[in-house]
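Visitor: Would you mind keeping the following structure in view while I ask a few things?
Number of protein chains: 2
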Amino acid sequence: MRRSLCLVFCLCLLWVGSTAHAHRNQPQSRRIGMVIHGGAGTILKSSLTPEMEKAYRDKLTESLLAGKSVLENHGSSLDAVEAAIRILEDSPLFNAGKGAVFTADGTNSLDASVMEGKSLKAGAVAGVGHIKNPISLARIVMEKSPHVLLTGKGAETFAQLNGVKLVNPKYFFTERRWEELQHEKELEKKGLKENMRAAGFSSPEDRKYGTVGAVALDETGSLAAGTSTGGMTNKKWGRIGDSPIIGAGTYANNQTCAVSATGHGEYFIRLGVARDIAALMEYQKLSVKEATETVILKKLEALGGKGGVIAIDRNGNIAMTFNSEGMYRAYLNPEGQPVVEIFR
Amino acid sequence: MRRSLCLVFCLCLLWVGSTAHAHRNQPQSRRIGMVIHGGAGTILKSSLTPEMEKAYRDKLTESLLAGKSVLENHGSSLDAVEAAIRILEDSPLFNAGKGAVFTADGTNSLDASVMEGKSLKAGAVAGVGHIKNPISLARIVMEKSPHVLLTGKGAETFAQLNGVKLVNPKYFFTERRWEELQHEKELEKKGLKENMRAAGFSSPEDRKYGTVGAVALDETGSLAAGTSTGGMTNKKWGRIGDSPIIGAGTYANNQTCAVSATGHGEYFIRLGVARDIAALMEYQKLSVKEATETVILKKLEALGGKGGVIAIDRNGNIAMTFNSEGMYRAYLNPEGQPVVEIFR
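From first to last, the protein sequence lines stand for chains B and F. Under the working numbering, the first residue of the first sequence is numbered 1, with each subsequent residue one higher. Under the working numbering, the first residue of the second sequence is numbered 1001, with each subsequent residue one higher.
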């Protein structure tokens, strides 16, 4: 009797011990997090009808919730970023995918990039005109090619080899963007035609800075970032902005943060905005908010550039920093609820 | 007599004073500095004939001395970088300009970029096939367009608008590079054809990492960097490497350093190599040597990438750091004499 009591006692001890051990090794319930943007620029309350504002708010919410759903179902931050951006690309409201602005040639030329913080793997495409969801092609470049950046017709050949159907360029057509191009061309004719330098700057800001992007933190503590754009209205000469440039428009590193930018791309390239935010966190131990403010409110401002970034760190702290009038943006608050903001 | 003596004395004092003042206000005789590279890779003493080694050494010396001559004649670091790189582009020895490798389509697709440290202005071109000196077109993009990066046919249209003559693609042909392409295609046929991932990696290192670049410090204390390349033999899908990417293959900032990279471009993009070296100097106060060693010998090595960088800081300290077998390189020593090195 004493022996069997002793045995039961020992088994109980073993059971308690192993349970405690299992508990210690279980991953902590981490905070997931997500921020998206739909472009920055001269977005004023007075320039949006209530109907338009509602349309933007609804679409941003839909995109954010698509990402949230992925994260809540144990998906990766990369999956969440892709899911959220596809919804913005498919909407004619934003300058990416359907609804992209027109180049000077009257075509659409789309750029996108994606980066995974745990592996530092990245993929990007630039100057594609037949890809419905450039963000997904950027991901395929990352996962199925040895390259980071593919461009033009070559990128589309690669897409076909990987089962991506090309779409008729008519898919991207929207009346609004077509009229913007005609307006730009009128302006150019009227006096800026001879001045190539000025021509590149003649667009109203909201047509120049529209871009969409997302950053996310998943339950494994891994970060991802993605950005997609149609570039500038009336753009010429195969111009590529910061969106497909890793380190300028997009960056993710699990040691620091994930960043997606929107704005006057040339300035973002020259400063290496996304990479610099990560560097300030890594080397100067700034918070994600301090780092984005240093780069956008000080460095970008000093250089004369306009735009903004969204960023998230590995603890789920977020930043949405811009020096333009507004930035379409949405994030999950600490309770996991979507919050949409547009103006300053 | 006393009066005139007094006047002479006073004038003498004035003269001495003004000379001393002028002397104090004169710019200090600053140290000029320059480093160039002609690519990194599996460059072994055993793989070069004495004649070939001499040819490389002579051309590197000629390029470096062209840059030195600009600097000694009060030219800018930007002028020096352009002059040095044009000589390497014009030589069939290096994978840039004449002598560029062939794409899978049997064409030449050239990339280049340049950056000025005092203004943080930058220019780049990618995927051009009719430009004799892509480095000079990159500079024109920087100086005469509102953009940083122009690509493909659009970049060539811009070139023509700015008086740059297009050359017949035959200009770039060299028997050696053509045979390398045939060899690559043979290898691909033999077993790697189905494996797109491997295909991108099938080149011997020295055909993959060839690139030329230069960094310089002028007498005003201003830095500049430039890089030019033909990319990878047998490259496909409009692939763009790190050479035209500001922050990856090229960076210059008078606060820190000027950097030009050569190597397996995808890794350089993912790490943002050139921008990271500048960040380590700015935020962690590393020397240019410590910063390049941290990024190339630690970070690049850890990620599995191969290649190297040349860099110079605003005091003329230089670094030439690589984790490959060799790197074609040359620099001005403290006495202003050219020193050429190839192997480890």
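Glycine included, every Cβ here is placed at the ideal spot set by N, Cα and C.
1. Whole angstroms are fine: how far does the CA of residue 1142 of chain F sit from the CA of residue 1165 of chain F?
2. Who are the neighbours of residue 1304 of chain F on chain B, taking C-beta pairs under 9 Å?
3. Under a Cβ-count criterion, where at least 16 other Cβ atoms within 10 Å of its own Cβ denotes burial, should residue 1105 of chain F be classed as buried or exposed?
4. Kindly confirm or deny that the segment 159-179 of chain B and the segment 1243-1259 of chain F touch, where touching means at least three C-beta pairs closer than 8 Å.
5. Use the C-beta contact count for residue 1346 of chain F: other C-beta atoms within 10 angstroms, 16 or more gives buried, fewer gives exposed.
6. Within 9 Å (strictly less), CB to CB, does residue 236 of chain B reach chain F?
7. According to DSSP, what are the bridge partners of residue 321 of chain B?
8. Using beta carbons (cut-off 9 Å, strictly below), is residue 1148 of chain F in contact with chain B?
9. With a threshold of 7 Å on Cβ separation, who are the neighbours of residue 1238 of chain F within its own chain once the five nearest residues in sequence on each side are excluded?
10. As a quick exercise: from B:272, B:261 and B:265, pick the residue whose alpha carbon is nearest that of residue 319 of chain B.
11. Does residue 1289 of chain F come within less than 9 Å of chain B when only Cβ atoms are used?
12. Could you tell me whether the Cβ of residue 1157 of chain F comes closer than 9 Å to any Cβ of chain B?
13. So the beta strand (DSSP E) residue 1113 of chain F belongs to, where does it begin and stop?
14. Using a Cβ-Cβ distance cut-off of 9 Å, determine whether residue 1284 of chain F contacts chain B.
15. Counting only runs of 4+ residues fully inside the segment 1265-1305 of chain F, write out the alpha helix (DSSP H) ranges in chain order.
16. Please confirm whether residue 117 of chain B has its beta-carbon closer than 9 Å to some beta-carbon of chain F.
17. Mind pulling the chain B residues with CB within less than 9 Å of residue 1177 of chain F?
18. With DSSP collapsed to three states, give me the class of residue 262 of chain B.
19. Take every Cβ of the segment 1235-1249 of chain F, pair it with every Cβ of the segment 223-235 of chain B, and state whether three or more of those distances are shorter than 8 Å.
20. Does the beta-carbon of residue 313 of chain B have 16 or more other beta-carbons within 10 angstroms, so that it is buried, or is it exposed?
21. Determine whether the beta carbon atoms of residue 1035 of chain F and residue 1329 of chain F lie at a separation below 9 Å.
22. Go ahead and pull the three-state DSSP assignment for residue 1329 of chain F.
23. Answer yes if the segment 1105-1114 of chain F comes into contact with the segment 1122-1137 of chain F, meaning at least three C-beta pairs across the two stretches below 8 Å, and no otherwise.
24. Would the beta-carbon of residue 350 of chain B fall within 9 Å of that of residue 1135 of chain F?
25. For the segment 31-103 of chain B, list the alpha helix (DSSP H) runs that are entirely contained and at least 4 residues long, ordered along the chain.
26. Could you tell me whether any Cβ in chain B is nearer than 9 Å to the Cβ of residue 1122 of chain F?
27. Which one of B:55, B:211, B:158 and B:278 has the shortest CA to CA distance from residue 265 of chain B?
28. Below 9 Å between beta carbons: does that hold for residue 1276 of chain F and residue 1306 of chain F?
29. Can you name the start and end residues of the alpha helix (DSSP H) that residue 140 of chain B belongs to?
30. So, is residue 1315 of chain F buried or exposed, given that buried needs 16 or more other C-beta atoms within 10 angstroms?
31. Where does residue 1334 of chain F land, buried or exposed, given buried means 16+ other C-beta within 10 angstroms?
32. Secondary structure at residue 1230 of chain F, three-state DSSP: helix, strand or coil?
33. Is there contact here, the segment 1057-1071 of chain F with the segment 1080-1090 of chain F, by at least three beta-carbon pairs under 8 Å?
34. Can you confirm whether residue 276 of chain B, when its beta carbon is compared against all beta carbons of chain F, has any partner nearer than 9 Å?
35. Could you give the first and the last residue of the continuous alpha helix (DSSP H) run that contains residue 181 of chain B?
36. Which residues, in order along the segment 244-272 of chain B, keep a beta-carbon less than 8 Å from a beta-carbon of chain F?
Guide: Working from what's here:
1. Position 165 of the second sequence, counting from 1, holds the residue named residue 1165 of chain F. Position 142 of the second sequence, counting from 1, holds the residue named residue 1142 of chain F. Straight-line Cα distance between these residues: approximately 18 Å.
2. Residue mapping note: residue 1304 of chain F aligns to position 304 of the second sequence, counting from 1. Chain B residues near residue 1304 of chain F: none, gap ~11 Å exceeds 9 Å.
3. In the second sequence, counting from the first residue as 1, residue 1105 of chain F sits at position 105. Residue environment for residue 1105 of chain F: exposed (fewer than 16 other C-beta atoms within 10 angstroms of its C-beta).
4. Taking a cut-off of 8 Å on C-beta distances, the segment 159-179 of chain B does not touch the segment 1243-1259 of chain F, as fewer than three cross pairs fall below it.
5. Coverage of chain F is limited to positions 1001 through 1344, which leaves residue 1346 of chain F absent and any answer about it impossible.
6. On the first sequence, residue 236 of chain B is found 236 positions in, with the first residue counted as 1. Taking Cβ atoms only, chain F reaches closer than 9 Å to residue 236 of chain B, which makes this a yes.
7. Here residue 321 of chain B refers to the residue found at position 321 of the first sequence. Answer by DSSP bridge pairing, in chain order: B:309.
8. Taking the first residue of the second sequence as position 1, residue 1148 of chain F is located at position 148. Closer than 9 Å: yes.
9. Reading the second sequence from its first residue, position 238 is the one you call residue 1238 of chain F. Annotation for residue 1238 of chain F: 1127 place their beta carbon closer than 7 Å to its own, counting only its chain and skipping 5 residues before and after.
10. As a working mapping, residue 319 of chain B is identified with position 319 in the first sequence. Answer by Cα proximity: B:261.
11. Locating residue 1289 of chain F in the second sequence gives position 289, where the first residue counts as 1. False, the Cβ-Cβ gap to chain B never drops below 9 Å.
12. Counted from its first residue, the second sequence places residue 1157 of chain F at position 157. Yes, because at least one Cβ of chain B sits closer than 9 Å to the Cβ of residue 1157 of chain F.
13. The residue labelled residue 1113 of chain F in the question sits at position 113 within the second sequence. According to the DSSP assignment, residue 1113 of chain F belongs to the beta strand (DSSP E) that extends over 1110-1116.
14. Counting from 1 along the second sequence, the entry for residue 1284 of chain F is found at position 284. Judged by the 9 Å Cβ criterion, residue 1284 of chain F is in contact with chain B.
15. Segments of the alpha helix (DSSP H) lying fully in the segment 1265-1305 of chain F: 1265-1271, 1273-1284 and 1288-1293.
16. Reading the first sequence from its first residue, position 117 is the one you call residue 117 of chain B. At least 9 Å separates the CB of residue 117 of chain B from every CB of chain F.
17. Locating residue 1177 of chain F in the second sequence gives position 177, where the first residue counts as 1. Think of a sphere of 9 Å around the beta carbon of residue 1177 of chain F: no beta carbon from chain B falls inside it, the nearest being about 19 Å out.
18. Residue mapping note: residue 262 of chain B aligns to position 262 of the first sequence, counting from 1. DSSP places residue 262 of chain B in the strand class (E or B) of the three-state scheme.
19. Short answer: they don't touch.
20. Counted from its first residue, the first sequence places residue 313 of chain B at position 313. Buried, by the Cβ-count rule.
21. Residue numbering aside, residue 1035 of chain F sits at position 35 when the second sequence is read from its first letter. Residue numbering aside, residue 1329 of chain F sits at position 329 when the second sequence is read from its first letter. Going by C-beta atoms, residue 1035 of chain F is nearer than 9 Å to residue 1329 of chain F.
22. As a first step, residue 1329 of chain F is located in the second sequence; it is residue number 329 there, counting from the start. Here DSSP, grouped into helix, strand and coil, assigns residue 1329 of chain F to strand.
23. For the pair of segments examined, the segment 1122-1137 of chain F was found to touch the segment 1105-1114 of chain F: the number of CB pairs separated by less than 8 Å reaches three.
24. Absent from the structure is residue 350 of chain B, since the part of chain B shown begins at 1 and ends at 344.
25. Within the segment 31-103 of chain B, the complete alpha helix (DSSP H) runs of at least 4 residues are 50-72 and 77-90.
26. The count along the second sequence starts at 1 and reaches residue 1122 of chain F at position 122. Yes, contact with chain B.
27. In the first sequence, the residue the question calls residue 265 of chain B occupies position 265. For residue 265 of chain B, the closest of B:55, B:211, B:158 and B:278 by C-alpha to C-alpha distance is B:211.
28. Here residue 1276 of chain F corresponds to residue number 276 of the second sequence, with the count starting at 1. Here residue 1306 of chain F corresponds to residue number 306 of the second sequence, with the count starting at 1. Not a contact, by the Cβ cut-off of 9 Å.
29. By 1-based counting over the first sequence, the position of residue 140 of chain B is 140. Element bounds for residue 140 of chain B: 134-144.
30. Looking up residue 1315 of chain F in the second sequence gives position 315. Exposed is the call here.
31. If you number the second sequence from 1, residue 1334 of chain F lands on position 334. That one is exposed.
32. Working through the second sequence from its first residue, we reach residue 1230 of chain F at position 230. In this structure, residue 1230 of chain F counts as coil in the three-state DSSP scheme.
33. Segment contact: the segment 1057-1071 of chain F against the segment 1080-1090 of chain F, three or more CB-CB distances shorter than 8 Å; contact assigned.
34. Looking up residue 276 of chain B in the first sequence gives position 276. The Cβ of residue 276 of chain B sits closer than 9 Å to at least one Cβ of chain F.
35. Locating residue 181 of chain B in the first sequence gives position 181, counting from the first residue. According to the DSSP assignment, residue 181 of chain B belongs to the alpha helix (DSSP H) that extends over 175-187.
36. Those would be 245, 246, 247, 248, 251, 265, 266, 269, 270, 271 and 272, in chain order.
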